[in-house]
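Q: Starting off with a structure, shown below.
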Amino acid sequence: MGLTEVQKTLALLYTNRELREKFLSNPQEIAKDFSLTPVDIEHLTALSAFHLDEFANSLQYKRLGEVIKVLSLTEKSLKSEFSDLFLEFTNNYLPSGVKKHRDDALAFTKFIMSKKNIPDWCKEIAEYEATRIELGEANKLLVIKVFRYPLKQIIQALFQNEEINIRKKRTLAIWLKLPSQTKWYHRFLTLFGS
Amino acid sequence: MILDNLPTLGAGIGFRDEFIGELFLNRNKVDFLEIISDHYIDPHPIKTEELALIRKYFTLIPHGINLSLGSAEGLDKNYVKKLAKLINDLNPPWWSEHICFTQAGGVDIGHLSPLPFTWEAINVIVKNIKEVKQLINSPLILENITYMLKIPGAEMSEAEFISEILEQTDSGMLLDITNLYINSINHKFDIEEFLAQIPLERIVQLHFVGGYFHRGMLIDSHSHPTHKEVWQLMERLSKITKLKATILERDENFPKFTELLEELEHARSIAFNPSKERAMSWV
Ligand SMILES: [Fe+2]
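Quick note, the sequences are listed as chains A and B, same order.
Position 20 of the first sequence, counted from 1, bears residue number 20 in the numbering used here, the numbering being contiguous throughout.
Position 227 of the second sequence, counted from 1, bears residue number 1227 in the numbering used here, the numbering being contiguous throughout.
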């Protein structure tokens, strides 16, 4: 009761778009579903719809900004579709804790890889960036991933805003670290005859 | 008051990975660093190395963002333990957190969210602060946040709310003058009235940076040069408080590092070396 319930309700309204939309169209009805006192209900229903929406949108925008920082290549490859997909993704995923932005980015790459209508080379870029993020926590000295596209050339083209060559060419991405060091060495190896 | 013996640190900057190279090239132009505590809790080995490096050269002030001091359901004990260990190991002159809540019912909001300005909220946050203070040796200073949304049911003004918390917990204040300016624009209140209601002697440190306007609201984006009104506010506060530190809190849209250094130098000239001509030539 009291502030505990009010805060639980607010946290959901800020982060759950479906609930927020229902609440804004019929606040009295939705507020009844929480263990709120009549005074709390009165206060919550007096919340400014415009500002509630603005705050909720700013939270999503902040998440998007943090994810772009670590998935910049994926963002370049998907262009404006990146933010549309992210919006869709946030309907069903809310990260928590001190590593929430990292977890958000990793979960989003999985979401991208699970989508049917995204080009395979874009999914490989997402997978490549996910591997880079996971390296930080990896208790390994060597990581090798096989990709179907020439990622080195694709990444260069993305950086230079050039047209992407989407012909398949099997590529190994190799990360190597020396014991007791934190720095990873990285190379691509394009395989012949693939 | 415990705050009387705090050292004067000068003009510092919120440490961000983006400018670590330039920071070390300009070490003598940055008086100290504020670090986000959460970046060094359960850290990646690279962050551990980074912390060891920056603490060798700078005084560090830990700044928390996930403690959720205003949570009515209480604090996350596991998080508090880790935070306390980090801060006690660093042994800083002080550390800071926000007057807000960031989680409830297992939901991490992902941002600093406003509390209702009520006695119930004061009782909650005071209890939580007292609990944390028992575990952390360095003094705590508390920061005012921006809020897009006002929680209905307020029993007092924001300034009265903050003052009550500071007094009941004997804490210092980290006055974010950008947040104060933004709130005064978005919620149309008089900054002078706010200043008249808070215990000025408790202000230890200032935060400053710039935001931008969006759909009629000034956004706390930490992404632009400091507004001229904020510089004027810093000037005003330097005359009525005994500032120990000012921190430029830039997070986005980074300009050349020299521009950040110019802002630091300007803050230094206003807050710690008042020379009217230099200060006023900026705005
Ligand atoms: Fe701040």
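Ideal Cβ placement from N, Cα and C applies to all residues, glycine included.
State the Cα-Cα distance for the pair HIS1222(B) and GLU29(A), rounded to the nearest angstrom.
A: Cα to Cα, the separation comes out at about 38 Å.
Q: May I ask you to report which of helix, strand or coil DSSP gives THR1059(B)?
A: THR1059(B) falls in the coil class under three-state DSSP.
Q: When the Cβ atoms of the segment 58-75 of chain A are set against those of the segment 35-48 of chain A, are three or more pairs found closer than 8 Å?
A: Too few Cβ pairs lie closer than 8 Å, so no.
Q: Report the three-state DSSP secondary structure of GLN181(A) (helix, strand or coil).
A: GLN181(A) falls in the coil class under three-state DSSP.
Q: Just the chain B side, please: which residues come within less than 9 Å of THR15(A) by C-beta, in chain order?
A: Those are VAL1107, ASP1108, ILE1109, GLY1110, listed as they occur along chain B.
Q: Answer yes or no: the CB of ASN1179(B) versus the heavy atoms of ligand 1, is any distance below 7 Å?
A: Flag set: Cβ of ASN1179(B) near ligand 1.
Q: I'd like the list of long-range same chain contacts for ALA1121(B), defined as Cβ closer than 7 Å, with 5 residues on each side in sequence excluded.
A: The residues are GLY1070, LEU1115.
Q: If we call anything under 8 Å between Cβ atoms a contact, is GLN1205(B) one with ILE1247(B)?
A: Yes, they are a contact pair.
Q: Is HIS1224(B) near ligand 1, in the sense that its beta carbon is under 7 Å from a heavy atom of that ligand?
A: Result no, Cβ not under 7 Å from ligand 1.
Q: So does ASP1038(B) have its beta carbon nearer than 7 Å to some heavy atom of ligand 1?
A: False, no ligand heavy atom lies under 7 Å from that Cβ.
Q: With a cut-off of 8 Å on the beta carbons, I'd call LYS1244(B) and LEU1060(B) a contact; round off their distance for me.
A: Rounded, the Cβ-Cβ distance is 15 Å, inconsistent with contact.
Q: Going by C-alpha to C-alpha distance, which of LYS1256(B), LEU1264(B), LEU1067(B) sits closest to GLU1022(B)?
A: Ranking LYS1256(B), LEU1264(B), LEU1067(B) by Cα distance to GLU1022(B) puts LYS1256(B) first.
Q: Over the uninterrupted alpha helix (DSSP H) stretch that includes TRP121(A), give me the two end residues.
A: TRP121(A) -> alpha helix (DSSP H) spans 120-135.
Q: Got a sec: which bits of the segment 1042-1061 of chain B sit with their beta carbon under 7 Å from any beta carbon on chain A, in order along the chain?
A: Going along the segment 1042-1061 of chain B in chain order, one finds ASP1042, HIS1044, PRO1045, ILE1046, GLU1049 with a Cβ nearer than 7 Å to chain A.
Q: Just by C-beta distance, which residues in the segment 1117-1132 of chain B are closer than 7 Å to chain A?
A: Correct list: GLU1120, ALA1121, VAL1124.
Q: Cα separation between LEU94(A) and GLY1106(B)?
A: For LEU94(A) and GLY1106(B), the distance between alpha carbons rounds to 10 Å.
Q: Which of the three DSSP states is assigned to ALA56(A) in this structure?
A: Three-state DSSP puts ALA56(A) in a helix.
Q: Short of 6 Å in beta carbon distance, which residues of its chain neighbour PRO1225(B), apart from the five on each side in sequence? Order them along the chain.
A: Hits under 6 Å: GLY1210.
Q: Taking C-beta to C-beta, are ALA1011(B) and LEU1260(B) nearer than 8 Å?
A: In this structure, LEU1260(B) does not lie closer than 8 Å to ALA1011(B) by Cβ.
Q: Should VAL207(A) go down as buried or exposed, given a rule of 16 or more other Cβ atoms within 10 Å for buried?
A: Look at the range of chain A in this structure, 1 to 194, and you will see that residue 207(A) is not part of it.
Q: Just the Cα atoms here: how many angstroms apart are TRP175(A) and LYS1056(B)?
A: Looking at the two C-alpha atoms, the distance is approximately 30 Å.
Q: Within this structure, are the beta carbons of GLN7(A) and PHE1161(B) separated by less than 8 Å?
A: No, Cβ-Cβ distance for GLN7(A) and PHE1161(B) is not below 8 Å.
Q: In terms of residue numbering, what span does the alpha helix (DSSP H) encompassing TYR1079(B) cover?
A: That run of the alpha helix (DSSP H) goes 1077-1090.
Q: Just confirm the distance between the C-beta atoms of LEU189(A) and LEU172(A), as a whole number of angstroms; I'd bet it's less than 8 Å.
A: Contact flag correct, Cβ pair sits at about 4 Å.
Q: What are the residues that DSSP puts in a beta bridge with ARG187(A)?
A: Paired residue(s): ILE174(A).
Q: Which residue wins for smallest C-alpha separation from LEU1140(B), given the options GLU1158(B), LYS1150(B), LEU1166(B), ARG1236(B)?
A: With distances taken between Cα atoms, LEU1140(B) lies closest to LEU1166(B).
Q: Under three-state DSSP, which class holds ASP1017(B)?
A: In the structure shown, ASP1017(B) sits in a helix (DSSP, three-state: H, G or I).
Q: Round the Cβ separation of PHE34(A) and LEU64(A) to the nearest angstrom and send it over; I've been treating them as touching at under 8 Å.
A: Wrong, their Cβ atoms sit about 28 Å apart, outside the cutoff.
Q: Residues of chain B with CB closer than 8 Å to the CB of ARG63(A), please, in chain order.
A: Near ARG63(A) (Cβ distances below 8 Å), the residues of chain B are GLY1110.
Q: Under 8 Å, CB to CB, which of the residues in the segment 44-61 of chain A have a partner in chain B?
A: Cβ contacts with chain B: LEU44, ALA46, LEU47, SER48, HIS51, LEU52, GLU54, PHE55, SER58, LEU59.
Q: With a threshold of 7 Å (Cβ to nearest heavy atom), would ASP1176(B) be considered close to ligand 3?
A: Looking for ligand 3 in the displayed structure turns up nothing; the ligands present are ligand 1.
Q: Quick check on the DSSP output: the alpha helix (DSSP H) that includes GLU88(A) runs from which residue to which?
A: First-last of the alpha helix (DSSP H) with GLU88(A): 81-90.
Q: Looking at HIS1266(B) and ligand 1, is the gap between the Cβ and the nearest heavy atom below 7 Å?
A: HIS1266(B): no, Cβ never under 7 Å from ligand 1.
Q: Mind checking TYR1040(B): buried by the 16 CB within 10 Å criterion, or exposed?
A: Flag for TYR1040(B) reads buried.
Q: Could you tell me the alpha carbon to alpha carbon distance between ILE144(A) and LYS177(A), rounded to whole angstroms?
A: Whole-angstrom Cα-Cα distance: 12 Å.
Q: Mind listing which residues of the segment 1134-1164 of chain B have their C-beta closer than 9 Å to chain A's C-betas, in chain order?
A: So the list reads TYR1147, MET1148, LEU1149, LYS1150, ILE1151, PRO1152, GLY1153, given in the order they occur along the chain.
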